[in-house]
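Participant: Below you will find the structure I want to go over with you.
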Amino acid sequence: MAILRSLLFLPANRADRFLKALASGADAVCLDLEDALPPADKEAGLASALELLTHDRGGVLVTVRANDVNTERGRQDLEALRAAPSPPDAVLLPKVTGPDDLARAARTLGSGGGRLLIPIVETALGLSRVEEIARTGSSLALALMLGGVDLTAELGAAFEWDSLFYARSRMVLAAALAGGLPTLDTPSLDVTDLAALEREARAVSRLGFTGKAAIHPAQLAAIHDAFRPSEAELERARRVVQAFEASAGGVVLVDGWMVDPPVVRAAQQTLERAERLR
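Here you go:
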């Protein structure tokens, strides 16, 4: 499965930014047909996205965020992507409220149009059914994404850590129950405070998220650093694995901490994640 630490949003009608986005270091770029475009620009944005999809992607995943699948505009987006000569690597589905939305999108896209989906959970109803969405997405989705701005607006909550902690935790649990579906966190709206961004990205990484969306290339380095195991974490993981192997599978102490099979499994996952990011 592709590494997806970062997904950089780009208005689909800004063709002038596309090459810069591909060269930004993002693991994936998203041509946005939804919130980034006013209604009057959506038709031109779709035409722009279809043209940009024909370009050489340089190994970067290029995705498209369609409009809501339950709207006429959204259906038009998906039908156009189905017919595209160069389909996207995945299609982001906004405001997913249940597994039926994924099934409807998959039927519309058919065998073309980028069959991999990234459902965005950003409504109260969607969050209440996130386990069903993730279970359906286990065979259709590249990742599951949290849309924190829309969700907190609907809840009348602040767009901050405490308000989103429940939603983030429930998404990680749902993804794990679905067999380890990757999870993308909502983007940070402050593009100037990169230290705060890195703290938040590290916090969601420790919570279990595998990546985070971005709205500006300047955010990418902080996101990548946050999802990369530190040297200290790698060194401890190596010592945990070595000590456990030397004990022939028995419980041992490392730095005063008990090491048993679940601790070893977490250490092995840290080492495997670092290897994938090399």
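Under this note's numbering, the first residue of the sequence shown carries the number 24, and numbering increases by one thereafter. Ideal Cβ placement from N, Cα and C applies to all residues, glycine included.
Give the straight-line distance between the Cα atoms of residue 148 and residue 278, rounded to the nearest whole angstrom.
Facilitator: Indexing the sequence shown from 1 puts residue 148 at position 125. Indexing the sequence shown from 1 puts residue 278 at position 255. If you take the alpha carbons of residue 148 and residue 278, they lie about 45 Å apart.
Participant: Which residue's Cα is closest to the Cα of residue 171: 160, 194 and 152?
Facilitator: Numbered from 1 along the sequence shown, position 148 holds the residue referred to as residue 171. Minimum Cα distance to residue 171 is reached at 194.
Participant: Does the distance from the CB of residue 86 to the CB of residue 117 come in under 7 Å?
Facilitator: By one-based count along the sequence shown, residue 86 stands at place 63. By one-based count along the sequence shown, residue 117 stands at place 94. No; because the gap between Cβ atoms is not below 7 Å, this pair is not in contact.
Participant: Please state whether the Cβ-Cβ distance between residue 146 and residue 125 is less than 7 Å.
Facilitator: Within the sequence shown, numbered from 1, the residue matching residue 146 stands at position 123. Within the sequence shown, numbered from 1, the residue matching residue 125 stands at position 102. Cβ distance not < 7 Å, so residue 146 and residue 125 don't count as in contact.
Participant: My output table needs one value for residue 161: the three-state DSSP class, helix, strand or coil.
Facilitator: Taking the sequence shown and counting its residues from 1, the one referred to as residue 161 is at position 138. Three-state DSSP puts residue 161 in coil, outside helix and strand.
Participant: Quick one: what's residue 27 bridged to in DSSP?
Facilitator: Here the question's residue 27 lines up with position 4 in the sequence shown. Paired residue(s): none; residue 27 is not in a bridge.
Participant: What's the call for residue 119, buried or exposed, on a 16-neighbour Cβ count within 10 Å?
Facilitator: If you number the sequence shown from 1, residue 119 lands on position 96. The residue is buried, with at least 16 neighbouring Cβ atoms inside 10 Å.
Participant: If you reduce the DSSP assignment to three classes, tell me which class residue 178 lands in.
Facilitator: Reading the sequence shown from its first residue, position 155 is the one you call residue 178. It is helical.
Participant: Closest to residue 55 by CA distance: which of 99, 232, 107 and 88 is it?
Facilitator: The count along the sequence shown starts at 1 and reaches residue 55 at position 32. For residue 55, the nearest C-alpha among the options comes from 88.
Participant: On the three-state DSSP scale, how would you describe residue 314?
Facilitator: Residue 314 is absent from the structure shown; the chain starts at 24 and stops at 301.
Participant: Please look up how many angstroms separate the CB atoms of residue 75 and residue 41, rounded, as I've assumed it's under 8 Å.
Facilitator: Position 52 of the sequence shown holds residue 75. Position 18 of the sequence shown holds residue 41. Rounded, the Cβ-Cβ distance is 5 Å, consistent with contact.
Participant: Could you check how far apart the C-beta atoms of residue 165 and residue 113 are, in whole angstroms? I think they sit under 8 Å.
Facilitator: One-based indexing of the sequence shown puts residue 165 at position 142. One-based indexing of the sequence shown puts residue 113 at position 90. Correct: roughly 5 Å between the Cβ atoms.
Participant: Based on Cα-Cα distance, which residue from 66, 199, 122 and 182 lies nearest to residue 143?
Facilitator: Numbered from 1 along the sequence shown, position 120 holds the residue referred to as residue 143. Among 66, 199, 122 and 182, the Cα nearest to that of residue 143 is on 122.
Participant: Taking the CB atoms as reference points, tell me whether residue 208 and residue 182 lie closer together than 7 Å.
Facilitator: By one-based count along the sequence shown, residue 208 stands at place 185. By one-based count along the sequence shown, residue 182 stands at place 159. In this structure, residue 182 does not lie closer than 7 Å to residue 208 by Cβ.
Participant: Answer yes if the region 242–255 comes into contact with the region 221–228, meaning at least three C-beta pairs across the two stretches below 8 Å, and no otherwise.
Facilitator: yes
Participant: What are the boundary residues of the beta strand (DSSP E) that includes residue 86?
Facilitator: Taking the first residue of the sequence shown as 1, we reach residue 86 at position 63. Element bounds for residue 86: 84–88.
Participant: By alpha-carbon positions, which one of 141, 153, 151 and 106 ends up nearest to residue 133?
Facilitator: Here residue 133 corresponds to residue number 110 of the sequence shown, with the count starting at 1. That would be 106, whose Cα lies nearest to the Cα of residue 133.
Participant: Exposed or buried, what is residue 168 when buried is set at 16 or more other beta-carbons lying within 10 Å of its beta-carbon?
Facilitator: As a first step, residue 168 is located in the sequence shown; it is residue number 145 there, counting from the start. Looking at its Cβ environment, which holds 16 or more other Cβ atoms inside 10 Å, residue 168 is buried.
Participant: Note down, one range per segment and in chain order, each alpha helix (DSSP H) of at least 4 residues found wholly within the region 72–118.
Facilitator: 95–106
Participant: Here's a check: name, in chain order, each residue in its chain whose Cβ is nearer than 7 Å to the Cβ of residue 204, leaving out the five neighbours to either side.
Facilitator: The count along the sequence shown starts at 1 and reaches residue 204 at position 181. Within the same chain, and ignoring the five residues on either side of residue 204 in sequence, the residues whose Cβ sits closer than 7 Å to its Cβ are 157, 160, 161, 164, 166, 167 and 198.
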